[in-house]
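*Asks:* Taking the numbering used here as reference, the numbering of the sequence shown is continuous, increasing by one, and the terminal residue is 248. Positions of the beta carbon are idealized from the N, C-alpha and C atoms, including for glycine. Every value quoted in this text rests on a predicted model; they were computed, and no experiment measured them. Got a structure here, written out as structure tokens. Questions coming.
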Amino acid sequence: MNEARVLLVDDDPALLEALPEALRLRMSALTVDTADSAAAALDRIADRDYDAIVTDIKMPGMDGLALLAEIRGRRPDTPIVMMVHALRAGAYDFIQKPIDRDYFVASLCRAIETRALTRRCKEQQLALERHLTDLEAIVEERTRELRQTSKVIESPFRWMMGPSGQMEQVVRQIKQVAESPLSVLVEGETGTGKELVARAIHQLSARREQPFVAVDCGAIPDTLIESELFGYEKGAFTGAHQRREGQ
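Structure below.
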């Protein structure tokens with residue numbers, strides 16, 4: 002157990018002198034402060050947080066019950082041992098006079114252990130709250146990153162990795178032609194990204210809400226390309242058994 006500090010409140014000078022010595026002989030790592038009145042006790046607790054407070058009930062001026070209520074308001078977590086029956090008023094325990102020292106020491110040890118447990122619980126709660134705050138900050142940061150990533154994924158130019166000066170020029174041209182209602186011819190060798198350019202133009206155009214249909218014209222015979230693109234009516238040619246819409 003770490004060193005504990007106890008406040009003893011009583012108007013009996015003999016008890017204030019004898020009881021601290023008896024406690025120190027029976028309890029290791031203990032510091033005992035004394036106060037000969039309720040007013041002196043309140044001055045003490047204003048400057049220090051005690052592990053337990055022991056007080057008599059019958060004292061001149063403010064009695065022990067009034068002091069108990071005052072301490073409960075200022076230091077609600079501090080256990081208070083009354084030297085009379087005062088449990089209903091909020092005391093942790095009571096000791097009847099003349100004092101049974103063995104019982105008194107045992108009661109005081111329990112009060113100090115209760116206070117230590119309360120402190121540990123509060124420290125763990127604060128640590129948990131700090132951990133939750135850190136987690137919330139991490140989640141918020143990850144959310145921002147995901148939103149930024151989503152913007153990149155949704156961009157029609159996401160396929161342009163490490164744009165050069167020439168690619169920047171292509172991007173400018175795509176933006177320019179996308180505003181036009183006219184048809185656009187995209188030329189280039191196989192594998193240069195003609196379909197990607199077409200998709201980017203579509204996504205930036207006024208037709209972006211309509212489906213984008215990619216057709217590999219090179220894979221369609223010349224005799225069928227017109228029918229594939231524009232469709233045909235039933236009986237338009239041999240084998241046209243039903244109407245078909247173009248792509």
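Considering just the uninterrupted stretch of the beta strand (DSSP E) at L9, what are its terminal residues?
*Replies:* Its beta strand (DSSP E) spans residues A5 to V10.
*Asks:* Please state whether DSSP places M168 in a helix, a strand or coil.
*Replies:* M168 falls in the helix class under three-state DSSP.
*Asks:* So the alpha helix (DSSP H) D223 belongs to, where does it begin and stop?
*Replies:* D223 to F231 is the span of the alpha helix (DSSP H), which, as asked, contains D223.
*Asks:* Let me know the secondary structure DSSP gives A40 once reduced to three states.
*Replies:* Of the three classes helix, strand and coil, the one that applies to A40 here is helix, per DSSP.
*Asks:* How is E210 classed by DSSP in three states: helix, strand or coil?
*Replies:* Residue state, collapsed to three classes: coil.
*Asks:* Could you tell me the distance, in whole angstroms, from the CA atom of I72 to the CA atom of E137?
*Replies:* Between I72 and E137, the C-alpha separation is close to 37 Å.
*Asks:* Where do the ends of the beta strand (DSSP E) carrying I58 lie?
*Replies:* From DSSP, I58 is part of no beta strand (DSSP E); its letter is neither H nor E.
*Asks:* Short of 8 Å in beta carbon distance, which residues of its chain neighbour I271, apart from the five on each side in sequence? Order them along the chain.
*Replies:* In this structure the chain extends from 2 to 248, so residue 271 is not present and cannot be described.
*Asks:* Say whether the region 138-149 touches the region 171-184, bearing in mind that this needs 3 or more beta-carbon pairs closer than 8 Å, one atom from each stretch.
*Replies:* Output reads no: the region 171-184 does not touch the region 138-149.
*Asks:* Judging by CA-CA distance, which residue of S108, T35 and V198 is the nearest neighbour of A19?
*Replies:* The shortest Cα separation from A19 among S108, T35 and V198 belongs to T35.
*Asks:* Between the alpha carbons of E188 and I139, how many angstroms are there, rounded?
*Replies:* Answer to the nearest angstrom: the Cα atoms are 47 Å apart.
*Asks:* Are D50 and R25 closer than 8 Å when you measure CB to CB?
*Replies:* Their beta carbons are not under 8 Å apart, which means D50 does not touch R25 by this criterion.
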